[in-house]
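Enquirer:
In this note's numbering, the protein residues as written are 200 to 428.
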């Protein structure tokens, strides 16, 4: 299709990633995604079929991301839209009571994972001279709350890292830190409990978020944006 975009999404097996994948596919775009759950990815592959592709990749591991990116670029070319969505949140706890292993895992997925994906996809986009990178931030990347300090730390880091990346990109490209808003996902349930159900579902959110993301371009480079609610 002449206006079809190639879209790469991490953390595609649930929540916002899964909802965005479905909405982009409904709009006739090509979606390539990764996650850690082979069962969930098999279900996505059965649901959507070719030419879309869903692979088991843990973004924490540089070598896994390297191999995956090489295959994707060889088969599909550089992405037009790269969405770093994969993320974890710590279990609610005071910062000094957070287990060190849990703190490290949140850092590894939410910061290092984004770096690994950028490291292998963005150079191919730069060589082509076009493309948009969207790194999912959070309201907690621009404010704070108690008992989610590790998550806040990572999302504040995403804001800074993305805006610095934007300074490094050539004309014609964009890197954007995006606050998706407050959405009813399993991640939100881990923080808010039953109160999470008061917020829009991921599928509802994706119906307005997908066209918003598709409309972003070089003029938005470096802008800390919030998806329409």
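Beta carbons are placed, not taken as given, at the ideal position from N, Cα and C, and that holds for glycine.
(1) Rounding to the nearest angstrom, what Cα-Cα distance links residue 371 and residue 278 in this structure?
(2) If we call anything under 9 Å between Cβ atoms a contact, is residue 416 one with residue 363?
(3) On the criterion of 16 or more Cβ atoms from any shown chain inside 10 Å, does residue 286 qualify as buried, or is it exposed?
(4) Can you list, in chain order, the residues of its chain with a C-beta nearer than 6 Å to that of residue 344? Leave out the 5 residues immediately preceding and following it.
(5) Looking only at C-alpha atoms, which of 260, 204, 202, 211 sits nearest to residue 402?
(6) Pick from 273, 418, 234: whose alpha carbon is nearest that of residue 282?
(7) Distance check for residue 392 and residue 231, CA to CA, integer angstroms please.
(8) Could you tell me whether the stretch 208-222 touches the stretch 288-305, using the rule of 3 or more Cβ pairs below 8 Å?
(9) May I ask which residues mark the beginning and end of the beta strand (DSSP E) holding residue 219?
(10) Checking the sheet assignment: what are the DSSP bridge partners for residue 252?
(11) Residues in its own chain within less than 6 Å of residue 386 by CB, not counting five upstream and five downstream?
(12) Assuming residue 255 and residue 237 are in contact, meaning their beta carbons sit under 8 Å apart, how far apart are those beta carbons, in whole angstroms?
(13) Please classify residue 400: is it buried, with 16 or more other beta-carbons within 10 angstroms of its beta-carbon, or exposed?
(14) List the residues that DSSP assigns as beta-bridge partners of residue 207.
(15) Cα-Cα, which of 389, 354, 225 is closest to residue 311?
(16) For residue 221, does the count of other Cβ atoms within 10 angstroms reach 16, so buried, or fall short, so exposed?
(17) Between residue 423 and residue 328, what straight-line distance do the alpha-carbon atoms span, to the nearest angstrom?
(18) For the candidate residues 280, 335, 346, 260, whose alpha-carbon lies nearest to that of residue 295?
(19) Please report how far the alpha carbon of residue 276 lies from the alpha carbon of residue 332, in whole angstroms.
(20) Expressed to the nearest angstrom, what Euclidean distance is found between the alpha-carbon atoms of residue 246 and residue 205?
(21) Ignore the nearest five residues each way along the sequence and tell me which others in residue 268's own chain have a CB closer than 6 Å to its CB.
(22) Residue range of the alpha helix (DSSP H) that residue 368 falls in?
(23) Can you tell me the Cβ-Cβ gap for residue 365 and residue 284, rounded? I've got them flagged as a contact below 8 Å.
Expert: Walking through what the data contain:
(1) The count along the chain shown starts at 1 and reaches residue 371 at position 172. The count along the chain shown starts at 1 and reaches residue 278 at position 79. Cα to Cα, the separation comes out at about 14 Å.
(2) What you label residue 416 is simply residue 217 of the chain shown in a count that begins at 1. What you label residue 363 is simply residue 164 of the chain shown in a count that begins at 1. No. Outside cutoff.
(3) Counted from its first residue, the chain shown places residue 286 at position 87. Under this definition residue 286 is a buried residue.
(4) Locating residue 344 in the chain shown gives position 145, where the first residue counts as 1. For residue 344, where only same-chain residues beyond five positions count, there are no Cβ hits under 6 Å.
(5) What you label residue 402 is simply residue 203 of the chain shown in a count that begins at 1. Of the listed residues, the one whose Cα sits closest to residue 402 is 211.
(6) Along the chain shown, read from residue 1 onward, the residue named residue 282 stands at position 83. Closest option to residue 282, Cα to Cα, is 234.
(7) Residue numbering aside, residue 231 sits at position 32 when the chain shown is read from its first letter. Residue numbering aside, residue 392 sits at position 193 when the chain shown is read from its first letter. The straight-line gap from Cα to Cα measures roughly 32 Å.
(8) Output reads no: the stretch 288-305 does not touch the stretch 208-222.
(9) Stepping through the chain shown from its first residue, residue 219 is reached at position 20. That residue, residue 219, is in no beta strand (DSSP E); its alpha helix (DSSP H) goes 214-225.
(10) Reading the chain shown from its first residue, position 53 is the one you call residue 252. 231, per the DSSP bridge assignment.
(11) Counted from its first residue, the chain shown places residue 386 at position 187. Closer than 6 Å at Cβ, skipping near neighbours: 288.
(12) Position 56 of the chain shown, counting from 1, holds the residue named residue 255. Position 38 of the chain shown, counting from 1, holds the residue named residue 237. Distance from residue 255 to residue 237 at the Cβ level is roughly 5 Å; contact confirmed, criterion being Cβ atoms closer than 8 Å.
(13) Translated into the one-based positions of the chain shown, residue 400 becomes position 201. Exposed.
(14) Here residue 207 refers to the residue found at position 8 when the chain shown is read from its first residue. 231, 281.
(15) The residue labelled residue 311 in the question sits at position 112 within the chain shown. Of 389, 354, 225, the residue nearest in Cα terms is 354.
(16) Here residue 221 refers to the residue found at position 22 when the chain shown is read from its first residue. Burial call: buried.
(17) As a first step, residue 423 is located in the chain shown; it is residue number 224 there, counting from the start. As a first step, residue 328 is located in the chain shown; it is residue number 129 there, counting from the start. Computed Cα separation, rounded: 22 Å.
(18) The residue labelled residue 295 in the question sits at position 96 within the chain shown. By alpha-carbon distance to residue 295, the top candidate from 280, 335, 346, 260 is 346.
(19) The residue labelled residue 276 in the question sits at position 77 within the chain shown. The residue labelled residue 332 in the question sits at position 133 within the chain shown. When rounded, the distance between both Cα atoms is 15 Å.
(20) The residue labelled residue 246 in the question sits at position 47 within the chain shown. The residue labelled residue 205 in the question sits at position 6 within the chain shown. So the two alpha carbons sit approximately 18 Å from each other.
(21) As a first step, residue 268 is located in the chain shown; it is residue number 69 there, counting from the start. Cβ neighbours of residue 268 beyond the five flanking positions: 319, 320.
(22) Position 169 of the chain shown, counted from the first residue, corresponds to residue 368. In the DSSP assignment, residue 368 falls outside any alpha helix (DSSP H) and carries neither an H nor an E.
(23) Numbered from its first residue, the chain shown carries residue 365 at position 166. Numbered from its first residue, the chain shown carries residue 284 at position 85. The beta-carbon separation of residue 365 and residue 284, rounded to 18 Å, does not stay under the 8 Å limit for a contact.
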